[in-house]
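Asker: Here's a structure for you.
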Amino acid sequence: MAVSRRGASKTGGVNPNPNASTKVWLFSLLLTLQYGAQPLISKRFTSREVIVTSSVLSCEVVKVISALMLLAKDGSLRKTFKEWTLIGSLTASGLPAAIYALQNSLLQISYRNLDSLTFSMLNQTKLFFTALFTYIILRQKQSIQQIGALFLLIIAAVLLSIGEGSSKASSSRNPDEILFYGIIPVLVASVLSGLASALCQWASQVKKHTSYLMTVEMSIIGSLCMLASAYKSPDGSAIRQHGFFYGWTPLTWIPVILNALGGILVGLVTSYAGGVRKGFVIVSALLVTALLQFIFDGKPPSPYCLVALPLVATSISIYQKYPYRVKKKES
227 MAVSRRGASK TGGVNPNPNA STKVWLFSLL LTLQYGAQPL ISKRFTSREV IVTSSVLSCE
287 VVKVISALML LAKDGSLRKT FKEWTLIGSL TASGLPAAIY ALQNSLLQIS YRNLDSLTFS
347 MLNQTKLFFT ALFTYIILRQ KQSIQQIGAL FLLIIAAVLL SIGEGSSKAS SSRNPDEILF
407 YGIIPVLVAS VLSGLASALC QWASQVKKHT SYLMTVEMSI IGSLCMLASA YKSPDGSAIR
467 QHGFFYGWTP LTWIPVILNA LGGILVGLVT SYAGGVRKGF VIVSALLVTA LLQFIFDGKP
527 PSPYCLVALP LVATSISIYQ KYPYRVKKKE S
């Protein structure tokens, strides 16, 4: 995920720009649809035979191509890479890139073992870990309302974990498989997402890296890390034995491309609209996920999900609506 800092204020807002209003609504709508539909699309169009590493690496390639095209479009490609240095790149993007590469692999595993709505809501715990690590690394404080919202989020995550274990126990799926290959991977990915987000924010403030440049750097570095780790991993063996695109169909490119473009959209929404609008996007995406799952899978949410959904929506809304404000005497 790329982090942009243009126009951001200390409270997480962005200075209004009338000329950007249309772009704000367009990017917000596209991100809402992408974020809400991604779990369902990945589950339907990515077979279980597809090697996780091949899917993640392909996504990173699409990210790089997209970011370079956008840099070229706004005329900053030549200037950006003229000022680029290897040491600066590794310092700003190296660790976050490695973390995001691992996170993406865990998310791919979780996609396949959880229903779409449960995955989406459990994935929201990354806000808690983002708040935790931004405080540890950047000393960015939280308001009382935000702390309360984060506790609501944890309660919702616990409800979802209990619901997954009980609702799947009588099915053909092993509940231990749901826990270890569904719930735990997405929660670990949320921890990693929070850490990487804080590191990206530090890089944007200290190293002055733009959103698109960080996308390119992190995708390349993350891909190299994955290639190195895949050499001795089961995925590496599977790629050598069956080929990089084993299990792929033309439809497999749909979730890969959408996931890559979603990473670009996150940076654009943050850049033009700030964290408040992004929070509303995330809440709307949860509703999109629930609607699509009911329409295409014919499966209504479980009672635990019905209880957790308003908790998740409320907690995210409160967290975005009541940011910590610096007192005048402290500024």
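Just so you know, the sequence shown maps onto residues 227 to 557 in my numbering.
By construction, the Cβ of each residue, glycine as well, lies at the ideal position given by its N, Cα and C atoms.
(1) Let's test the definition: count the other Cβ atoms within 10 Å of the Cβ of F377 and tell me whether it reaches 16, buried, or not, exposed.
(2) So does the stretch 342–354 actually touch the stretch 459–471, counting three or more Cβ pairs closer than 8 Å?
(3) For F354 versus I380, is the C-beta distance shorter than 8 Å?
(4) With respect to the alpha helix (DSSP H) encompassing D300, which residues constitute its N-terminal and C-terminal limits?
(5) For the alpha helix (DSSP H) containing V533, name the first residue and the last one.
(6) Count the other C-beta atoms from every protein chain shown that fall within 10 angstroms of the C-beta of A327, then say buried if there are 16 or more, exposed otherwise.
(7) Tell me which residue opens and which closes the alpha helix (DSSP H) that G262 is part of.
(8) Smallest Cα separation from V278: which of R270, G301, P460?
(9) May I ask you to report which of helix, strand or coil DSSP gives P476?
(10) Please classify G524: does DSSP put it in a helix, a strand, or coil?
(11) Ignore the nearest five residues each way along the sequence and tell me which others in Q264's own chain have a CB closer than 8 Å to its CB.
(12) With DSSP collapsed to three states, give me the class of I447.
(13) Give the straight-line distance between the Cα atoms of P536 and A454, rounded to the nearest whole angstrom.
(14) Which value, in whole angstroms, describes the spacing of the CA atoms of M452 and I410?
(15) What residues in its chain sit with their C-beta under 7 Å from that of R270, if we drop five residues either side in the sequence?
(16) So does the stretch 278–290 actually touch the stretch 521–539, counting three or more Cβ pairs closer than 8 Å?
(17) Would you mind listing the alpha helix (DSSP H) stretches within the stretch 400–430 that are 4+ residues and don't spill past its ends, in chain order?
(18) What is the DSSP secondary structure of S280, counted as helix, strand or coil?
(19) Which of the three DSSP states, helix, strand or coil, is assigned to D461?
(20) So, helix, strand or coil for L340, using DSSP?
(21) Just mark E403 as buried or exposed, buried being the case when its beta carbon has 16 or more other beta carbons within 10 Å.
(22) Taking the C-alpha atoms as reference points, what is the distance between A429 and D300?
Answerer: So, from the listed chains and residues:
(1) exposed
(2) no
(3) yes
(4) Element bounds for D300: n/a, residue is neither H nor E.
(5) 529–547
(6) buried
(7) 247–271
(8) P460
(9) helix
(10) coil
(11) P481, L484, N485, G488
(12) helix
(13) 42 Å
(14) 21 Å
(15) none
(16) no
(17) 401–404
(18) helix
(19) helix
(20) coil
(21) exposed
(22) 22 Å
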